[in-house]
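Q: Which chain is which? The protein sequence lines are D and S, in order. If you read the first sequence in our numbering, its first letter stands for residue 2, the second for the next number, and so on. If you read the second sequence in our numbering, its first letter stands for residue 2, the second for the next number, and so on. No residue lacks a Cβ here, since even glycine has one placed at the ideal position from N, Cα and C.
Number of protein chains: 2
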Amino acid sequence: MNNNQVLNERSLQLLKALVERYIQDGQPVGSRALSKDTELKLSPATIRNVMADLEDMGLIRSPHTSAGRVPTVSGYRLFIDSLLTVKPLNSEELKLLRKNLIAKDNVNDVIGMASRILSDVTRMAGVVTLPKRELVSLRHIEFLPLSNTRVLVIFVTNEQEVHNKILHTSKQFTPAQLQQAANYLNSVYSGLSLAAVRKAVLKELKDAQEQMNREMLDAVQMAKLALDPEKSDEDYVLSGETNLMGFSELSDMERLKELFDAFSQKRGVIHLLDQCLNAEGVQIFIGEESGYHAFEQCSLVTAPYSINEQVVGVLGVIGPTRMAYERVIPFVDVTAKLLGAALNPKT
Amino acid sequence: MNNNQVLNERSLQLLKALVERYIQDGQPVGSRALSKDTELKLSPATIRNVMADLEDMGLIRSPHTSAGRVPTVSGYRLFIDSLLTVKPLNSEELKLLRKNLIAKDNVNDVIGMASRILSDVTRMAGVVTLPKRELVSLRHIEFLPLSNTRVLVIFVTNEQEVHNKILHTSKQFTPAQLQQAANYLNSVYSGLSLAAVRKAVLKELKDAQEQMNREMLDAVQMAKLALDPEKSDEDYVLSGETNLMGFSELSDMERLKELFDAFSQKRGVIHLLDQCLNAEGVQIFIGEESGYHAFEQCSLVTAPYSINEQVVGVLGVIGPTRMAYERVIPFVDVTAKLLGAALNPKT
DNA sequence: GCTGGCACTCGATGGGGTAGAGTGCTAATA
DNA sequence: TATTAGCACTCTACCCCATCGAGTGCCAGC
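1. Taking a cut of 8 Å between CB atoms, which residues from the segment 243 to 270 of chain D lie near chain S?
2. Mapping DSSP to helix, strand and coil, what is residue 102/S?
3. Below 8 Å between beta carbons is the criterion; list the residues of the segment 55 to 75 of chain D that meet it against any residue of chain S, in chain order.
4. Within a Cβ cutoff of 8 Å, which residues of the same chain sit near residue 12/D, ignoring the five residues on either side of it in sequence?
5. Using a C-beta cutoff of 8 Å, does residue 106/S count as contacting chain D?
6. Can you tell me whether residue 305/D is buried or exposed? The criterion is at least 16 other CB atoms within 10 Å of its CB, across all chains shown.
7. Using only the alpha-carbon positions, how far apart do residue 148/D and residue 168/D sit?
8. Return the residue from the list 319/S, 278/S, 312/S, 307/S that minimises the CA-CA distance to residue 295/S.
9. How would you call residue 70/D, buried or exposed, if buried means at least 16 neighbouring beta carbons within 10 angstroms?
10. In this structure, how does DSSP classify residue 311/S when only helix, strand and coil are distinguished?
11. What does residue 165/D reach in chain S if we use C-beta pairs closer than 8 Å?
12. Could you pull out every residue in the same chain whose Cβ sits closer than 7 Å to the Cβ of residue 94/S, ignoring the five residues on either side in sequence?
13. Could one say the Cβ of residue 141/S lies closer than 8 Å to chain D's Cβ atoms, at least one of them?
14. Using DSSP's beta-bridge definition, name the partner residues of residue 166/D.
15. Please list the partners that residue 145/S has in chain D, where partner means a Cβ-to-Cβ separation under 8 Å.
16. Following the continuous alpha helix (DSSP H) through residue 123/S, name the residue where it begins and the one where it ends.
17. If you check the beta carbons only, do residue 241/D and residue 127/D fall under 8 Å apart?
18. Provide the residue span of the beta strand (DSSP E) that contains residue 128/S, from first to last.
19. Do you know whose CA, among 141/S, 262/S, 284/S, lies nearest residue 184/S's CA?
20. Whose C-beta lies closer than 7 Å to the C-beta of residue 117/D among residues of the same chain, with five residues either side of it excluded?
21. Cα separation between residue 290/D and residue 133/S?
22. What's the gap between the Cα of residue 172/S and the Cα of residue 150/S?
23. Is it true that the segment 296 to 303 of chain S meets the segment 269 to 286 of chain S, where meeting means three or more beta-carbon pairs spaced less than 8 Å apart?
24. Thinking C-alpha only, which one of 263/D, 137/D, 157/D is nearest residue 341/D?
25. Considering just the uninterrupted stretch of the alpha helix (DSSP H) at residue 89/S, what are its terminal residues?
26. Tell me the rounded alpha-carbon separation between residue 3/D and residue 60/D.
27. Can you name the start and end residues of the beta strand (DSSP E) that residue 368/S belongs to?
28. To the nearest angstrom, report how far apart residue 35/D and residue 63/D are at their CA atoms.
29. Straight-line CA distance for residue 349/S to residue 263/D?
30. Check whether the Cβ atoms of residue 236/D and residue 102/D lie closer than 8 Å to each other.
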């Protein structure tokens, strides 16, 4: 692949046509087909020359001598970054989104619905991360005694979601003490983000002076335990994985197993999605770009979503590299925005 | 298939040998192989005659003229019900179980671990239903005000598990009122099973007379809302689905998709597992016996598990019909017992 | 610089031949 | 009468090979 070639307007146009054609019917595209497809009146022979150049540049390749050409990852990348003409959502998709992506009592239901819509509409796999607890703010905290040294802590966050956890305390508390501790924490920390609360808590514990009375110290100590980040904090909801079994390019059982293993282990996928948290808008991993072998034949189109202008999660679509990006990209974009809206606490 | 044949000892012995052989290496079993396998000194020709009889009885069949024989569902059934010699767990498996299947704070963790062990050891898919909430007893109930008419209800069950739900009440309650309601419910219903509580609550509401004061009535009303059974109550944890992708008999993509679709829709699987709740010990569905098309190539080996002698859930293993029943059956059995033990509240 | 022509390559398809596994049937045997 | 050896038969799996069609690269001519 030597890049010292000229990429003139015509070559780009042909690359665009080739990628579009290939996305449409999945067969390697030959010069004859391309010559008919474009409005440039060029003979197959000319197009062959251009294709040879594109191949030199590593943008397309031929599976074997007498097949047509197929886009490489770089080809897709160039196509998506500079050549793609996105299609706006059709009214039906929009209607579906508006109808189903609405606020519910249970955040998980909304997330699940978003994931479901993503997979149903695109007929690929949809994925939505749960909102990062760290970034949402504390609304209310409560302690319930379970047994001697076991306390159930319950906290409600501003997305109206309830979390609970069992703490093992070093000493025994009376219900009244627990009540008092909760009251204290609510009065001091309510409204702050969980991350901020934790930070404040750690600070208080560090420079705890005598000025802080016994009860408060206990309360802060318990808050620390309660807010200890958990692995379960990082999770996502996946839908329509089975749609992926329909694609011929993923029909190799080895690969498919690897992919589904990645889905159920979650770690890799989470890592991948986390990289998209800070992206402005839609971000795309094409094939091997993700760095995960299991995703080598897949593309991932993601967009972050926000609650109160604060990015708290990511959603996306997973499918074969050969996907209708011009439809998927705007769809993922809009879904992210609407999910954010649906999760925003009605003030 | 005419059943008016004699099933003598020898035929059964040959059927057993055939099934075992087929389970072992997945190839149709011929008369010659069978003649070598058994200690009955019979020539292939004799065995062929017996096999023809077994085929007449619908216990085995041949994929085509010049292939060996393969067990039918009836054949497997007879094998499992009367011919199987189960193998006790080996010490390694037992050690793994005892080491990992221990009480934890979080029931879901224990369930997840059980599912994981089932799939890891058998190298097939493991499934464990969550304990039926209905059947566990109420330990503690608590109400927290969220906003005007929205109340968060939290209840802890005897398996130390915490459930929460948001109620929409018809009128507004003060924190004190909620506290009072919870106190009342705890004093009256604590220790009863959720099903019993619901029953009692409905009865109280039905013949609510003036003798019941306003507050109590409110409390009972809210308890009714809180205990309304939800669809989410019926759920299971599945592990190692991807193991199923390795089996050649399931390698048809159509079928596989159907199977995985069934897994993610959950309804059919739950229905199937529910049928095993009342079985004494291990229950097995072989292939089409399950009644679900998606499971036609699969067998399901299940056992119910109990908390406090009360059956609350089911666990099992899903794999190809051709599985090592003699190992899977005792393993599922023991796992169910140990899971029950791990879930039993330490009193 | 573009095009038509042409030889070439490669995968897919399908026919034909063969080897091997296993059967069912029959006649011989214990 | 139950068992066995022998034999013809059937079916699959496999390999080989010819053919076809799509598409290419290259070259000469416009």
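A: Taking the geometry as given:
1. 243, 246, 247, 252, 254, 257, 258, 261, 262, 265
2. coil
3. Here the close residues number zero.
4. 51, 54, 55
5. yes
6. buried
7. 11 Å
8. 319/S
9. buried
10. Strand at residue 311/S.
11. Neighbours of residue 165/D in chain S, taken as residues whose beta carbon is under 8 Å from its own, are 155, 163, 165 in chain order.
12. 122, 332
13. yes
14. Residue 166/D pairs with 154/D.
15. Going along chain D in sequence order, the residues near residue 145/S (Cβ under 8 Å) are 141, 143, 155, 157.
16. 108 to 123
17. Cβ distance < 8 Å, so residue 241/D and residue 127/D count as in contact.
18. Under the DSSP assignment, residue 128/S falls in the beta strand (DSSP E) whose first and last residues are 126 to 130.
19. 141/S
20. Shown here for residue 117/D: same chain residues with a beta carbon closer than 7 Å to its own, the five before and five after excluded, namely 127, 240 in chain order.
21. 45 Å
22. 6 Å
23. The segment 296 to 303 of chain S makes contact with the segment 269 to 286 of chain S, as at least three CB pairs between them are under 8 Å.
24. 137/D
25. Element bounds for residue 89/S: n/a, residue is neither H nor E.
26. Caution is warranted here: a pLDDT of 42 is assigned to residue 3/D, below 50, making its placement in the model unreliable, and the coordinate value is therefore given only provisionally. So the two alpha carbons sit approximately 11 Å from each other.
27. There is no way to answer for residue 368/S, as the model of chain S reaches only from 2 to 348.
28. Here the alpha carbon of residue 35/D sits roughly 14 Å from the alpha carbon of residue 63/D.
29. Residue coverage of chain S in this structure runs from 2 to 348, which leaves residue 349/S outside it and unanswerable.
30. no
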